[in-house]
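With the first letter of the sequence shown counted as 1, position 220 gets the number 219 in numbering that gives the first Met the number 0; the numbers rise by one all the way through. Note that beta-carbon positions come from the ideal geometry of N, C-alpha and C, so glycine has one too.
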Amino acid sequence: MNQEFDRGLHEECGVFGVFGVNDAKDLTYYGLHSLQHRGQEGTGIVTVDDKGKMHRVKGLGLVTEVFNNENLKTLPGKMAIGHVRYATAGGGGIENVQPFLFHHNTGDFALAHNGNIVNSNELRQFLENQGSIFQSTSDSEILAHLIKKDWLNQSRIQVITEALNKIEGAFAFLIMTYNRIYCCRDKYGLRPLSIGVLNGGYVVSSETCAFEVIGAKFLRDVKPGEIVVIDEDGLHSYDYSHYKHHKMCAMEYIYFSRPDSDIEGTNVHAFRKESGKLLYEEAPVDADIVIGVPDSSLSAAMGYSEVSHIPYEMGLIKNKYVGRTFIQPSQELREKGVRMKLSAVSSIVRGKRVVLIDDSIVRGTTSKRIIALLRDVGAKEVHVRISSPQMTNPCFYGVDTSTYEELISAHHNVEEVRKIIGADSLAFLSTAALYKAAKRNELCLACFTGKYPTQLYSSIEQANKDEK
Ligand code: SF4
């Protein structure tokens with residue numbers, strides 16, 4: 000990954016599934032490709048053939064690097080689940096690339112997970128004491144072991160219900176057996192999971208943008224605390240928990256999800272544009288042009304421009320073809336001005352008072368570099384407006400937001416951050432504006448407020464204390 004403009008904010012994963020549609024592997028390939036922004040370190044697909052046998056291809060790298068015509072041919076069947084991974088919990092390595100595949104004398108099953116289990120240490124200890132042997136260091140495997148323990152003695156839905164009730168944290172799980180896909184979402188509603196219909200079958204995805212690509216129609220979201228079972232007879236809904244909240248991760252709206260995705264009824268681009276409008280209402284500034292940091296801040300910049308009547312300009316251009324394997328410029332070349340990922344357009348910026356809209360400040364290093372870029376090409380003033388509140392706490396729900404140590408706003412007030420990044424003025428959006436833009440009254444805002452929706456458990460609480 001190009002580190003020059005890496006803001007230190009990463010989603011961990013995306014999941015995708017197909018039930019009852021020919022060439023499920025091809026649809027899963029395209030689905031995963033449109034979820035690639037959620038994880039670039041590894042990917043995999045498992046299919047079930049008409050004899051109930053499971054087939055898997057997985058590897059480290061992008062969807063286009065791991066899959067090809069040859070290996071996709073080894074994935075027959077009308078059912079599939081797939082996964083894209085960004086590795087933090089459990090680290091990298093092929094053994095942690097999902098879907099996981101488990102063999103059991105009552106039938107194999109595959110599992111894919113987006114999110115993070117906060118009581119993973121406790122559960123892993125419990126399972127190892129009972130004789131479970133883990134194949135990976137990923138916490139996603141815990142659910143599989145909880146399921147395996149009782150797979151023989153009880154109905155599958157009962158086993159999955161009991162297992163999910165032992166798990167605390169953020170998750171969207173897809174579990175595939177030879178004839179069913181179980182779609183499970185955490186009771187807090189932290190991670191998204193949506194169902195679509197296609198050619199008489201079903202598709203499931205972390206984001207609805209994947210439906211558009213394959214021509215599927217959105218049907219509904221999996222609800223918090225719900226298991227939707229897909230089989231030959233259609234969809235069946237079960238509640239694994241009666242405790243239900245809709246605390247969707249606010250960063251899904253602000254940064255992670257693609258603008259063409261809808262999250263629980265609100266389009267991501269529309270949310271961002273509205274947050275840009277509210278940002279102007281909360282923090283107006285007199286300037287000549289509005290510039291958004293590509294790509295995730297462009298919608299908010301449009302909103303800010305629309306209400307302020309300050310023209311929106313493409314003052315920063317992203318080179319989309321800087322891949323993970325691109326040879327990075329040496330320090331010497333960098334100092335000479337070789338910048339690979341973002342360029343400021345001098346003919347647009349020179350002599351102007353700029354409002355720079357960005358969606359977040361994590362460590363502050365990215366903002367500092369972008370402001371320096373704009374000043375280098377002659378910006379007269381740079382006023383930074385952030386379309387989210389100050390990020391003061393780490394995330395424990397599957398988003399790598401850095402530690403307390405690294406979060407600039409955990410240690411500095413707005414004026415101090417302004418000085419460090421070198422802006423003429425700086426303002427952040429309020430939490431109230433986020434609710435308004437998302438048109439909802441529940442969200443997870445823990446990385447801004449420190450109010451975590453779940454209990455955090457021993458290991459995380461200890462890490463918290465150590466870092467503070
Ligand atoms: S803590 Fe922040 S990044 Fe993590 S789930 Fe909550 S809102 Fe999302």
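Counting along the chain, where does the alpha helix (DSSP H) carrying residue i start and finish?
| i | result |
| --- | --- |
| K165 | R155 to K165 |
| T63 | V62 to V65 |
| M247 | Counting along the chain, M247 falls outside any alpha helix (DSSP H), and DSSP gives it neither H nor E. |
| H268 | V267 to E281 |
| H36 | No alpha helix (DSSP H) holds H36; DSSP gives it neither H nor E. |
| Y311 | Per DSSP, Y311 belongs to no alpha helix (DSSP H) and is neither H nor E. |
| V212 | C208 to I213 |
| F447 | A445 to T448 |
With distances taken Cα to Cα, identify the nearest neighbour of residue i among the options.
| i | options | result |
| --- | --- | --- |
| R374 | P393, M390, P388 and K351 | K351 |
| S131 | A23, I116 and D149 | D149 |
| R417 | A445, L372 and I360 | I360 |
| E405 | V413, T391, F395 and E414 | T391 |
| R257 | F395, E69, L110 and D294 | D294 |
| K72 | L110, A111 and N21 | N21 |
| Q97 | R55, L122 and M78 | R55 |
| T261 | L428, S205 and S137 | The sequence given here places Asp at residue 261; Thr does not occur at that position. Checked all of L428, S205 and S137; the closest Cα to D261 is S205. |
| K222 | H410, L234 and K186 | K186 |
| L341 | V376, V354 and P310 | V376 |
| D232 | F217, K243 and G199 | G199 |
| V344 | Y239, E305, K367 and G291 | G291 |
| D475 | N128, D25, K246 and V353 | No information on residue 475 is available, as it lies outside the stretch 0 to 467 that the chain covers here. |
| R123 | S137, N152, V267 and Y311 | S137 |
| L444 | S429, S304 and L455 | S429 |
| E263 | C208, I420 and I44 | C208 |
| K165 | E121, L197 and A171 | E121 |
| Y311 | I347, I174, L110 and K367 | I347 |
| S236 | R184, L26 and K379 | R184 |
Whose C-beta lies closer than 6 Å to the C-beta of residue i among residues of the same chain, with five residues either side of it excluded?
| i | result |
| --- | --- |
| Y177 | V47, G51 and G106 |
| G397 | E11, G114, N115 and A169 |
| A437 | Y252, T265 and F270 |
| I229 | F18, I180 and Y201 |
| S296 | I356, D357 and D358 |
| S468 | Not covered by the structure: residue 468. The range shown for the chain is 0 to 467. |
| K243 | K186, P223 and G224 |
| G336 | Any reading at G336 is ruled out, since the residue's pLDDT is 49, under 50, leaving its predicted position unreliable. |
Ordered along the chain, which non-local residues of its own chain (more than five positions away) have a Cβ less than 8 Å from that of residue i?
| i | result |
| --- | --- |
| V62 | Y28, L31, H32, Q35, T42 and V83 |
| N440 | Y434 |
| Q134 | E94, F99 and E140 |
If I follow the unbroken beta strand (DSSP E) through residue i, where does it start and stop?
| i | result |
| --- | --- |
| I174 | G168 to M175 |
| T46 | G41 to V47 |
| I180 | I180 to R184 |
| E225 | E225 to D230 |
| L455 | No beta strand (DSSP E) contains L455, which DSSP labels as neither H nor E. |
| G81 | M78 to R84 |
| A343 | L341 to A343 |
| I356 | R352 to D357 |
| L71 | Taken as a continuous stretch (DSSP letters only), L71 belongs to no beta strand (DSSP E), being part of the alpha helix (DSSP H) at N68 to L71. |
| S204 | G200 to S204 |
| I194 | S193 to L197 |
| Y237 | G233 to D238 |
| L59 | M53 to L59 |
| K486 | Residue numbering for the chain in the displayed model covers 0 to 467; residue 486 lies beyond these limits and cannot be assessed. |
Near residue i, which residues of its chain fall below 7 Å by C-beta distance, leaving aside the five closest residues on each side in sequence?
| i | result |
| --- | --- |
| L425 | V383, V413, V416 and R417 |
| K317 | P293, D294, K340 and L341 |
| T453 | V117, E167, G168 and Y187 |
| G76 | A23, T46, V47, D48 and D49 |
| L442 | K246, M247, A249, L433 and Y434 |
| H411 | I419 |
Where are the alpha helix (DSSP H) runs, 4 residues long or more, that stay fully inside the region 372 to 443, in chain order? Listed in chain order, they are 407 to 410, 413 to 420 and 430 to 437.
Within the region 104 to 139, ranges of the beta strand (DSSP E) (whole runs, at least 3 residues): Annotation note: the region 104 to 139 contains the following uninterrupted beta strand (DSSP E) runs of length 3 or greater, listed N- to C-terminal: 108 to 116.
Under 8 Å, with one C-beta from each stretch per pair, do the region 144 to 151 and the region 92 to 106 reach the 3-pair mark? Segments in contact, yes.
Three-pair Cβ contact test at 8 Å for the region 249 to 264 versus the region 177 to 197: Segments in contact, yes.
The region 377 to 393 / the region 285 to 301 touching (three or more Cβ pairs under 8 Å): They touch, by the three-pair rule.
Would you call the region 209 to 221 and the region 156 to 166 in contact, with 3 or more CB pairs under 8 Å? With the cut-off at 8 Å, the region 209 to 221 and the region 156 to 166 do not touch.
Can you pull every residue whose C-beta falls closer than 5 Å to some heavy atom of the ligand COA, listed in chain order? Only the ligand SF4 can be found as ligands here, which leaves the ligand COA out of the picture.
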